[in-house]
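For reference, the structure discussed in these notes is given below.
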Amino acid sequence: MPRFSANLGFLWQDRPLLERIDAAFAACFRAVELHWPYDTPPELVRARCATHGLTLLSINTPLGQTELGEFGLGALPGREADFLEGFNMANEWATAAGACAIHVMAGVVAPEMQAAARDTLLANLRTAAAMAPEMTLLLEGLNQHDKPGYFYSTLEAKAAIIAAVGAKNVRILFDSYHVGRSEGDVFGNLRRHLPLIGHVQIAAVPNRAEPDEGEVDYARFFDDLDRLGYAGWVGCEYKPRSDTDTGLGWFRKMNVTLS
Numbered sequence: 001m002p003r004f005s006a007n008l009g010f011l012w013q014d015r016p017l018l019e020r021i022d023a024a025f026a027a028c029f030r031a032v033e034l035h036w037p038y039d040t041p042p043e044l045v046r047a048r049c050a051t052h053g054l055t056l057l058s059i060n061t062p063l064g065q066t067e068l069g070e071f072g073l074g075a076l077p078g079r080e081a082d083f084l085e086g087f088n089m090a091n092e093w094a095t096a097a098g099a100c101a102i103h104v105m106a107g108v109v110a111p112e113m114q115a116a117a118r119d120t121l122l123a124n125l126r127t128a129a130a131m132a133p134e135m136t137l138l139l140e141g142l143n144q145h146d147k148p149g150y151f152y153s154t155l156e157a158k159a160a161i162i163a164a165v166g167a168k169n170v171r172i173l174f175d176s177y178h179v180g181r182s183e184g185d186v187f188g189n190l191r192r193h194l195p196l197i198g199h200v201q202i203a204a205v206p207n208r209a210e211p212d213e214g215e216v217d218y219a220r221f222f223d224d225l226d227r228l229g230y231a232g233w234v235g236c237e238y239k240p241r242s243d244t245d246t247g248l249g250w251f252r253k254m255n256v257t258l259s
């Protein structure tokens, strides 16, 4: 059975971050991952995780100017200095908190800017990978239903970026929800891209709720992860149908154990 982490960007959203960490421990998770935790001092997060023996996995790079529609800066031509400032902040926060990975957000790009955006992202990733050689940099494609215009939404696009960057610490974040919404064939894509996968996340397709419903048979998915030898964590990045603790009944329903 894979190891599961609680994504505290979606779970227990009614509580401050440190209390979400407490709740994850109480629910028997052994790892947590975050979205944008920058308003909480990293030393407090490190201490709270250490108190519970929790592994802190990852955070996201800053979104940029969301009021202008930005959703990440990695592939935005003309925003290179802002991206590097944000990445440096993310790396410093993650290092101080004890995290081991950063999701580098590419951003929303206009169709006519695709070529320039690719060059920008390659240059930014090469710089970021050299700045943080001990940190895993994760690339996640967001489906075009949820985030129209996001720079990439397919695994092939991310694999091509990783090959062009040529840095060993740049990996794919395989979010089965986004894969299912963007291109389908979650099982085949998992097998094909496993060598490049640095982290896995799950949610029901297409409604992003607990993974005990929808188009993806997650019991089979977990079996495939074991059979393929995936040794990383599986992030529970879903939007609970009601309150988080009630929704955790999916573990019992699917005969999943957390510890």
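Numbered by UniProt numbering, the letters in the sequence shown go through residues 1 to 259 in order. Here a beta-carbon is modelled for each residue, glycine too, at the ideal position from N, C-alpha and C.
Rounded distance between the beta-carbons of residue j and residue i, thought under 8 angstroms
i	j	result
valine 216	valine 205	5 angstroms
leucine 125	valine 108	With a Cβ gap of about 17 angstroms, leucine 125 and valine 108 do not count as contacting.
proline 211	asparagine 169	Going by Cβ atoms, the distance from proline 211 to asparagine 169 rounds to 29 angstroms, so no, they are not a contact pair.
isoleucine 161	isoleucine 197	So it is not a contact: roughly 14 angstroms between Cβ atoms.
threonine 154	glycine 141	6 angstroms
glutamine 201	serine 176	7 angstroms
leucine 258	phenylalanine 83	Contact doesn't hold; Cβ gap of about 36 angstroms is too wide.
Alpha-carbon to alpha-carbon, residue j and residue i
i	j	result
proline 111	leucine 190	28 angstroms
tyrosine 230	leucine 194	8 angstroms
glutamate 33	aspartate 243	19 angstroms
residue 260	alanine 163	Nothing can be reported for residue 260, as the shown portion of the chain is limited to 1 through 259.
leucine 139	threonine 51	30 angstroms
proline 2	aspartate 226	7 angstroms
threonine 40	leucine 17	8 angstroms
proline 240	phenylalanine 10	8 angstroms
alanine 24	leucine 54	9 angstroms
glycine 149	phenylalanine 174	19 angstroms
leucine 8	alanine 130	28 angstroms
Per DSSP, cross-strand counterpart(s) of residue i
i	result
phenylalanine 4	Val234
isoleucine 197	Ile172
isoleucine 202	Cys236
tyrosine 150	Val108
Element boundaries [beta strand (DSSP E), containing residue i]
i	result
serine 58	58-60
valine 186	Premise fails: valine 186 lies in the alpha helix (DSSP H), 186-193, not in any beta strand (DSSP E).
phenylalanine 174	170-175
glutamate 80	Note, glutamate 80: premise wrong, no beta strand (DSSP E); alpha helix (DSSP H) at 80-97.
Reference residue i; option with closest CA among the options
i	options	result
alanine 117	Cys100, Met254, Lys158 and Ala75	Ala75
phenylalanine 87	Trp12, Gln13 and Gly64	Gly64
glutamate 19	Pro2, Phe4 and Pro37	Pro37
valine 45	Lys158, Asp146 and Ala97	Ala97
cysteine 100	Thr127, Leu137 and Leu73	Leu137
histidine 35	Ala123, Leu68, Ala6 and Glu43	Ala6
alanine 115	Pro77, Glu237 and Trp93	Pro77
Continuous alpha helix (DSSP H) stretch holding residue i: start and end
i	result
threonine 244	244-247
valine 45	42-52
alanine 116	114-131
valine 165	155-165
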